[in-house]
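K.L.:
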Amino acid sequence: MPRPPEPHRICGAAPVRALFIRRPEAVLRLFYTEAMRRLAGPLCAHLARSRRPYREVLPEELARIAGTPHHGGICAIAQVRYAERLPGPALPADMPEAPLLPVLDGIGNPHNLGAIARSAAFFGCRALLLSEDQRQADLSDAAFRTAEGGLELLRVMRAQALPALLGAMQDRYLVVAAVAAGGLAPAALPRDRPIALVLGNEEQGPTQPVLEACTARVTLTGGGLVESLNVSAAAAVLFHALGGAPVPRAAPAPAPTTPRARPATTPGRLRLPRH
Numbered sequence: 001m002p003r004p005p006e007p008h009r010i011c012g013a014a015p016v017r018a019l020f021i022r023r024p025e026a027v028l029r030l031f032y033t034e035a036m037r038r039l040a041g042p043l044c045a046h047l048a049r050s051r052r053p054y055r056e057v058l059p060e061e062l063a064r065i066a067g068t069p070h071h072g073g074i075c076a077i078a079q080v081r082y083a084e085r086l087p088g089p090a091l092p093a094d095m096p097e098a099p100l101l102p103v104l105d106g107i108g109n110p111h112n113l114g115a116i117a118r119s120a121a122f123f124g125c126r127a128l129l130l131s132e133d134q135r136q137a138d139l140s141d142a143a144f145r146t147a148e149g150g151l152e153l154l155r156v157m158r159a160q161a162l163p164a165l166l167g168a169m170q171d172r173y174l175v176v177a178a179v180a181a182g183g184l185a186p187a188a189l190p191r192d193r194p195i196a197l198v199l200g201n202e203e204q205g206p207t208q209p210v211l212e213a214c215t216a217r218v219t220l221t222g223g224g225l226v227e228s229l230n231v232s233a234a235a236a237v238l239f240h241a242l243g244g245a246p247v248p249r250a251a252p253a254p255a256p257t258t259p260r261a262r263p264a265t266t267p268g269r270l271r272l273p274r275h
């Protein structure tokens with residue numbers, strides 16, 4: 001029998017806060033250091049009501065639990081989240097609307113995946129589409145940590161056959177491949193419909209079938225001293241150029257008046273102090 005997948009270890013104040021707001025039912029356990037008591041207090045109260053464990057630990061023990069010294073003082077053990085597998089060459093009918101849909105074709109580094117998700121969420125994207133390429137990174141501890149909560153704001157889907165799906169999207173999206181050279185400037189692209197922006201593998205770019213399924217290509221022009229940007233850096237620049245201004249940030253929730261203040265019982269209304 002295959003072993004069940006290991007739960008995700010969501011580390012850092014922003015990722016853990018976003019997890020509790022968006023998927024509180026997925027949290028299995030919570031560990032935190034003394035320095036993070038203020039953030040952890042409402043989370044522990046929420047877990048206590050649902051009879052799930054939590055514990056304050058030393059930083060060295062948290063590094064062992066989290067599997068990394070870059071835990072940010074808090075780590076939630078959560079049920080594995082998988083990218084939503086699309087059954088065929090069509091996007092879901094209930095796809096959230098946004099001016100830009102990032103499409104990742106063979107992005108192999110989970111830190112790049114997380115960084116792209118963070119930028120996508122910052123600039124108002126609502127979903128993220130992954131290819132079936134075997135090199136394509138999936139949701140992971142490192143991706144969640146790098147995304148700083150951004151992955152919790154995105155509907156993450158995985159295509160079965162990306163070229164066919166991109167072809168079927170042509171009437172709804174302008175499908176554009178980001179390439180290192182030879183493409184249009186971002187300002188030259190028409191804006192009569194949302195853009196599906198394809199970002200390819202770190203070394204080789206989008207695959208040839210995917211390129212052939214795209215309507216246009218876009219290229220960022222630099223000063224000529226460096227050939228290209230890292231894919232996550234290029235993604236952030238293109239998101240800004242093609243997707244418009246970032247979504248305004250909501251006002252922070254007020255901090256509890258006492259260390260024992262109880263959060264709201266509705267999961268989506270957890271009152272979380274900013275650390």
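Numbering follows my numbering, in which position 41 of the sequence shown is assigned residue number 41; successive positions increment by one, without gaps.
In this text, a Cβ means the ideal position worked out from N, Cα and C, and glycines have one as well.
In chain order, what residues of the same chain have a beta carbon less than 6 Å from the beta carbon of R158, not counting five sequence neighbours either side?
P.N.:
Hits under 6 Å: A83, R85 and L130.
K.L.:
Name the two residues that bound the continuous beta strand (DSSP E) containing R29.
P.N.:
Unbroken beta strand (DSSP E) run through R29: V27 to Y32.
K.L.:
Inspect the beta-carbon positions of R193 and R217 and report whether they are closer than 8 Å.
P.N.:
Their beta carbons are not under 8 Å apart, which means R193 does not touch R217 by this criterion.
K.L.:
List in chain order: all unbroken beta strand (DSSP E) runs of 3+ residues lying wholly within the stretch 60-137.
P.N.:
Qualifying beta strand (DSSP E) stretches, in chain order: 74-78, 100-105 and 127-130.
K.L.:
Which residue's Cα is closest to the Cα of N112: E25, L229 and L165?
P.N.:
Ranking the options by Cα distance to N112, first place goes to L229.
K.L.:
So V176 is in the beta strand (DSSP E); what residue range does that whole segment cover?
P.N.:
Counting along the chain, the beta strand (DSSP E) containing V176 begins and ends at L174 to A178.
K.L.:
Please list the segments of the beta strand (DSSP E) lying wholly inside the stretch 155-240, counting only runs of 3 or more residues, in order along the chain.
P.N.:
Runs found: 155-158, 174-178, 195-200 and 216-218.
K.L.:
Alpha carbon to alpha carbon, how far is D133 from R126? Give it in angstroms, no decimals.
P.N.:
The straight-line gap from Cα to Cα measures roughly 22 Å.
K.L.:
Decide yes or no for the touch test of the stretch 167-181 against the stretch 34-43: beta carbon pairs closer than 8 Å, at least 3 of them.
P.N.:
No: the two stretches stay apart, fewer than three of their Cβ pairs being nearer than 8 Å.
K.L.:
Identify whether P252 lies in helix, strand or coil by the three-state DSSP scheme.
P.N.:
Per-residue confidence for P252 stands at a pLDDT of 48, beneath the threshold of 50, marking its modelled position as unreliable; no derived number is given.
K.L.:
Among I107, L62 and A76, which one has its Cα closest to the Cα of L128?
P.N.:
For the residues I107, L62 and A76, the minimum Cα distance to L128 belongs to I107.
K.L.:
Take H240 and list the residues in its own chain whose beta-carbon comes closer than 7 Å to its own, dropping the five residues that flank it on each side.
P.N.:
Result list for H240: F123, in chain order.
K.L.:
What are the partner residues of C11, as DSSP defines its beta bridges?
P.N.:
Answer by DSSP bridge pairing, in chain order: C75.
K.L.:
By DSSP, does R145 sit in helix, in strand, or in coil?
P.N.:
In the structure shown, R145 sits in a helix (DSSP, three-state: H, G or I).
K.L.:
Where do the ends of the alpha helix (DSSP H) carrying R49 lie?
P.N.:
Note, R49: alpha helix (DSSP H), R37 to R49.
K.L.:
Which value, in whole angstroms, describes the spacing of the CA atoms of R55 and A181?
P.N.:
Their Cα atoms are separated by approximately 52 Å.
K.L.:
By DSSP, does E152 sit in helix, in strand, or in coil?
P.N.:
Three-state DSSP puts E152 in a helix.
K.L.:
Would you check if the distance between the CB atom of A188 and the CB atom of P89 is smaller than 8 Å?
P.N.:
No; because the gap between Cβ atoms is not below 8 Å, this pair is not in contact.
K.L.:
What is the C-beta distance between A13 and I74, in whole angstroms, given that I count them as a contact (C-beta under 8 Å)?
P.N.:
That belief holds up - the Cβ atoms of A13 and I74 are roughly 6 Å apart, short of 8 Å.
K.L.:
Compute the beta-carbon to beta-carbon distance between T146 and G114, rounded to the nearest angstrom, for a pair I have assumed lies under 8 Å.
P.N.:
Between G114 and T146 the Cβ distance is about 3 Å, and since that is below 8 Å, they are a contact.
K.L.:
Closer than 7 Å by C-beta to Y32: which residues in its own chain qualify, once you throw out the five before and the five after it? Chain order, please.
P.N.:
Contacts found: A40, E56, G73 and I74.
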